[in-house]
Ligand code: HEA
Ligand code: HEA
Ligand code: CUA
Ligand SMILES: [Cu+2]
């Protein structure tokens, strides 16, 4: 959307609208995550499902690192460094993908093999709904990052005009922060049941 | 100034009229048949007064303005110019606030009265299930009507077997939802009936198709009558099979779903059932003999009468009915021709 | 958002919230006194009487209606068991000869099933809870104070708005 | 240019194709997983298939209608323009049936859809009201309705009168609420940019999306009727909703889509109000409606997520066996109620705040006087909206929730009476000593005040726990909320429709039929709702298909039904009047109501670009009676501009 035909002044005005809009959307989304946490504490109290600790720690670390690279990507773009930007955002994309595979491809299968299926009581329900909701956000996030990457390659963004990159970054950080609340709630708090 | 005097007088008159001649004169509430109802009705009275006042206040000012200040023909001018008055605004924020605090206080007092516990309360277990009420007395007597002694606090301990229901007798005023889910979800309600008479329990939470007909009779009787009634309710029946069968059918609420007249409520009617050929939903037919009927009671979902829903009838009768009782029920069904 | 703009509003809101919390605390305490349910009460002595003939009934496997199978206490309660039966009874650590009584203080939150000779099941379930405590009170305040504070804050703005310039000037004076 | 090529028709066709594809997809997945892939009678197998179809169908509608087109271009790095000029080759109505970014078009789209949906909800109400006009099940069980649902072989057929009653009643509630949300969207989208001097909303594409997502939402909602209906009420409490017919899935999905509309619409409103006001328009110089819409948007933005989540969890539990709410196996049904009401209580203030805004907007114009206590009214809107977040459990006083918490919730509930009272007193202050004129919009505004007053003062008895123990789930509550909804939404909506009629049509409505509409609706409605409250106190429960004649309320029931018909026909007369006037009415030129507001300083109907040149705010919005202006339409350029 590098609409160069729009004068910079207008672009800036639009940019500030966009920023506010995005933050409002995240505020709204945060309510879902908060409500899921409430649901978790009401239904499971001080118990938690049995999950693979190593894997949990691993993917959490991955996601945090990906956030770092996302930040790099945005900074590079702001300085007009096209190459650095592409590299950093590609890494973010790959890390995000690994996280997704880690949750859905590995953790879900592991849990299933331990008998923790979606219909296995509250623990199963909570586990799948929380990770599932989060994974849905991760999927949209990496799609978004992929689009930004492709557009970046086409040279759509410049140092002054890269709202797409910024939006992807803010969204990705949000997904990351949401996980920072989910991770302890699922993996660390309370005693294991089942 | 004269405007305010007139409006003030009109407001008071209107408040008085509304309160005296409409809200407390008309019969608005059913009769008061429990001690809890007294506290609640007193609170209602306070509300009627406040409603009368605030409704009159706003309406009188509004109607007065409409009548007195309306634009006269040909007058194109503007109204008197004032933009607000902070003192007034503060007053009409603080005064309602104080009233609100007062209502909240009276409200919690009334709630405390309603919930007042008598340690010697007489305990009755209420079991609600889709469209049926069942009551269990302390020594195991069960009944499908609720009979209560007058002037004793009754502690109802209530649970549901399927969805949420709600216990309500308008004359007692109080209401409590009944939740499924065992011990943890048992909810209590306390009632002290203080009027003799017959009332109705009306399930007040939407519970599916026949919610509207989920009623049960309540009788408040004297202590001595209550003792007599209770002794009649035990699970012993020494009469002939058909009469006893009829008793179990009434007690277990079968007739909520099965008519004896050929009319279809939600289950098949029992009229002429015995010995007939019953089409099943898998396309086969069976003869409705003892075997079939017993199976229909113990495992309702197994042989489903065509055109009916096999999951509606509770599968729990096998646990609550003894083998002898089932035999007697079958004898009873057999007798309905 | 500019810090200079937000802070004066925040400051006023926080002060009002504080005041409202105190008021809410007082109010809810009054409501509490009015309310009183079984776990919101001070510690009490609770008496349990084992009636005559209990042992005989229990031996036949019958329950004694006046003896509960489950009891709920709050911390600080003292259970006093009085034995009016003709035989010695036991309840957990207590040994109660006929005609005497023994007592048991409730010290901590627990859910017990004590061995007991006056129940056909041989057990008496006891749940010891904390009396409705600061937690419930806090919860109550957290539902009452914010809405009150919101209203008070908004109308305080209508009465006297915040002028950021004025605030800044004042800051500078200091 | 044929109607069948409009975006709307393309969307519908796409939805049909998408539904089939979606069903195929689920069948395919089931086949791959080795499950029984298809059955036309086994509802357990059919349910995921139909839900999958509905989901893909709804998405396809949106793609087909074209709301995503620009965004798809963005993903390819292609830039697009915000404003398409109307295609001169297409007739003028064309734009209303296709994706358009102009806020005025979108506002009208919302408004017309709202009225259609309202009519539908009204028909459902009349159908079940006929059933209630007499004791005994005697109307809905007649053969006509069986035909309507395709006879015996339909696995989704309704099983008799009471079942059909429950579905009509539940659908009435939800469809009407959808109508309200659409109506709120109509008012805020049409009015906000005009009132604050912007040429459009901040995000025109998002705005179009927020409108169009309602259409498949409404289609799904109504389709529930053909899939067994849902006998749960609009509240959909589990465990009942876990056992309800398949229709409940369509209901929940429909609500979800309508909820998405609220969320995205509110983002637009907030950003527009904060960022796009005309020069000189500080927050306290905005027209008062904008404050109300702003407060509304705060609720819609945040709370809506929770009804979405609570309904989704029920859907997951039905489809995947994830147990959240079935207490027999460890779930918690009360949790659902908390999640649900955390949205649905604040939502009732979504219904009324824009209406309050309209009342505050109209009273000064027709009293020729300033609005009394502008700031107090503005802050009251915010107060009602924010305090509304703390009162949800007053719907659950009998639910078996934690008993002690009922007291703080009782207090916070009653607290809402304070800011609402401030509004009422300020309105009275506004008309006091004015020179009142009574054209139709003013009648509706005054009617709204009276009707909402009845609804409002019947709130506190619900709010105190002890009295609510008697009132909960009775027709008293039904009377209470019809009054608040009619007073806070229906009357103000019509006030707004009549008031701004010249602005969007350029014509004048017929005053006589407008007044007939008002009086029919006002009198009919009060007979209906006061009787409802009365029978409720006497013991008439909500949501019952039949009642006990022994309650002695048959007469009142009969009159409620008659009055319901009166309301329906009054609104119908109003609608015909509007359509006729739009086609053949007198041309209305200029500032019809002598209003100070900026939208009346531009020609009727509002031109394509609202304000060719941004105006400056130079005075107070409601200074009637003073020789001054609110806005300067031809400002001298500012220094440096
Ligand atoms: C349009 C929406 C709307 C509005 C604005 C309101 C406003 C209020 N509502 Fe209502 N309500 C509903 C829509 C609405 N409600 C709906 C749809 C339901 C049913 C949901 C369902 O179950 O399906 C419901 C149900 C409902 C219940 C649950 C009843 C039950 O099911 O048991 C309660 C309980 O507290 C309640 C209370 C209130 C209160 C206190 C207000 C207050 O905001 C009212 C404040 C206004 C005034 C009080 C009048 C003006 C004020 C003055 C003149 C000042 C002085 C007054 C005093 C000091 C008292 N409402
Ligand atoms: C906007 C909200 C709204 C509106 C307008 C109405 C309008 C009406 N309502 Fe409804 N009602 C609800 C919201 C609403 N209701 C809700 C939320 C419930 C709770 C449901 C539940 O319990 O789950 C409910 C429940 C409810 C009940 C209780 C049912 C029960 O508990 O069993 C009853 C009973 O009398 C009732 C009656 C009526 C009647 C007779 C009207 C009449 O006023 C209807 C008259 C008709 C109209 C106002 C439509 C006119 C429109 C046109 C003619 C279209 C013209 C336009 C074009 C052609 C473009 N309603
Ligand atoms: Cu049981 Cu309604
Ligand atoms: Cu509410």
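Residue numbers (our numbering), protein chains in the order written: chain A, 33 to 226; chain B, 14 to 350; chain C, 30 to 203; chain D, 18 to 658.
Glycine included, each C-beta is placed from N, C-alpha and C at the ideal position.
Quick caveat: nothing in here was measured; it's all calculated off a predicted structure.
Check whether the stretch 572 to 585 of chain D touches the stretch 545 to 554 of chain D, counting contact only when three or more Cβ pairs, one atom from each stretch, lie closer than 8 Å.
Segments in contact, yes.
Alpha carbon to alpha carbon, how far is residue 333/B from residue 149/B?
Taking the straight line from one Cα to the other gives about 12 Å.
At what residues does the alpha helix (DSSP H) containing residue 65/D begin and finish?
60 to 82 is the extent of the alpha helix (DSSP H) around residue 65/D.
Chain D beta carbons: is any one of them nearer than 8 Å to that of residue 74/A?
In terms of beta-carbon proximity, residue 74/A lines the interface with chain D, with at least one pair separated by less than 8 Å.
Looking at the C-beta of residue 155/B, does it have a partner C-beta in chain C at a distance below 8 Å?
No, no contact with chain C.
My parser needs the alpha helix (DSSP H) runs of 4 or more residues fully inside the stretch 358 to 409 of chain D; what are they?
You should have 391 to 404.
Taking the beta carbon of residue 128/B as the centre, do at least 16 other beta carbons fall within 10 Å, making it buried, or is it exposed?
Its Cβ being crowded by 16 or more others within 10 Å, residue 128/B is buried.
Please determine if the stretch 47 to 60 of chain D and the stretch 316 to 326 of chain D are in contact, where contact requires at least 3 C-beta pairs separated by less than 8 Å.
No, because fewer than three Cβ pairs between the stretch 47 to 60 of chain D and the stretch 316 to 326 of chain D fall closer than 8 Å, the two stretches do not touch.
Measure from the C-beta of residue 180/C to each C-beta in chain D and report whether the shortest distance is under 8 Å.
Nearest CB-CB separation between residue 180/C and chain D: below the 8 Å threshold.
Between residue 450/D and chain B, is there a C-beta pair that is closer than 8 Å?
Yes, its Cβ sits closer than 8 Å to a Cβ of chain B.
Have a look at the DSSP bridge pairing and note the partners of residue 422/D.
In DSSP, residue 422/D forms no bridge with anything.
Looking at the strands, I want to know which residues DSSP matches up with residue 79/C.
Residue 79/C is bridged by DSSP to 112/C.
I believe residue 172/C touches residue 426/D by the beta-carbon criterion, under 8 Å. Please report the beta-carbon distance rounded to the nearest angstrom.
That belief holds up - the Cβ atoms of residue 172/C and residue 426/D are roughly 7 Å apart, short of 8 Å.
For ligand 4, which residues have a Cβ under 6 Å from at least one heavy atom, in chain order?
A residue is listed when its beta-carbon falls short of 6 Å from at least one non-hydrogen atom of ligand 4; in chain order these are 362/D, 365/D, 411/D, 412/D.
Length at least 4, wholly inside the stretch 242 to 290 of chain D: the alpha helix (DSSP H) runs in chain order
257 to 260, all fully within the stretch 242 to 290 of chain D.
When you compare the CB positions of residue 134/B and residue 168/B, do they come within less than 8 Å of one another, or not?
Yes, Cβ-Cβ distance for residue 134/B and residue 168/B is below 8 Å.
Does the beta carbon of residue 211/B come closer than 8 Å to any beta carbon on chain D?
No, residue 211/B does not count as interfacial toward chain D.
Pull the bridge partners of residue 74/C from the DSSP assignment, please.
DSSP output for residue 74/C lists 107/C as bridge partner(s).
Scan the stretch 159 to 192 of chain A for residues whose Cβ lies nearer than 8 Å to a Cβ of chain D and list them as they occur along the chain.
Of all residues in the stretch 159 to 192 of chain A, 160, 161, 179, 182, 183, 186, 188 have a Cβ within less than 8 Å of some Cβ in chain D.
Tell me which same chain residues have a C-beta within less than 6 Å of the C-beta of residue 29/D, skipping the five on either side of it?
So the list is empty, once near-sequence residues are dropped.
Are any of the Cβ atoms in chain C nearer than 8 Å to that of residue 393/D?
Chain C contact via Cβ: present.
Three-state class that DSSP yields for residue 334/B in the structure shown
Correct three-state label for residue 334/B: coil.
Partners in chain D for residue 49/A, counting only beta-carbon separations shorter than 7 Å
Neighbours of residue 49/A on chain D, chain order: 219, 288, 292.
Report all residues from its chain with a CB closer than 7 Å to the CB of residue 317/B; omit the five preceding and five following residues, and keep chain order.
Contacts found: 293, 294, 323.
Going by other Cβ atoms of all chains shown within 10 Å of its Cβ, with 16 needed for buried, is residue 112/A buried or exposed?
Counting other Cβ atoms within 10 Å of its Cβ, residue 112/A stays below 16 and is therefore classed as exposed.
Kindly indicate the opening and closing residues of the alpha helix (DSSP H) around residue 484/D.
Note, residue 484/D: alpha helix (DSSP H), 482 to 488.
Reference residue 204/C; option with closest CA among 39/C, 78/C, 167/C
A question about residue 204/C goes unanswered here, because the residues of chain C that appear run from 30 up to 203.
Cβ of residue 229/B within 7 Å of any heavy atom in ligand 3?
Flag unset: Cβ of residue 229/B not near ligand 3.
Measuring only the C-alpha atoms, how far is residue 646/D from residue 519/D?
Taking the straight line from one Cα to the other gives about 22 Å.
Endpoints, the alpha helix (DSSP H) within which residue 519/D is located
Counting along the chain, the alpha helix (DSSP H) containing residue 519/D begins and ends at 518 to 522.
At the 8 Å Cβ level, is residue 194/B part of the contact set with chain D, yes or no?
With 8 Å as the cut-off, residue 194/B counts as an interface residue toward chain D.
Can a CB atom of chain C be found closer than 8 Å to the CB of residue 106/B?
Output row for residue 106/B: interface = yes.
I need the DSSP call for residue 145/B, collapsed to helix, strand or coil.
Residue 145/B: strand per DSSP, three-state reduction.
Any non-hydrogen atom of ligand 5 within 7 Å of residue 216/B CB:
Only ligand 1, ligand 2, ligand 3 and ligand 4 can be found as ligands here, which leaves ligand 5 out of the picture.
Spatial neighbours of residue 68/B within its chain, please: C-beta separation below 7 Å, excluding the five flanking residues on both sides.
If we look at residue 68/B and ignore the five residues flanking it on each side, its Cβ neighbours are 31.
Using the Cα positions of residue 657/D and residue 104/D, report the straight-line distance between them to the nearest angstrom.
Residue confidence for residue 657/D is low, a pLDDT of 48 falling below 50, so the modelled location carries little weight; the figure read from the coordinates is stated next. Their backbone Cα atoms lie some 38 Å apart in a straight line.
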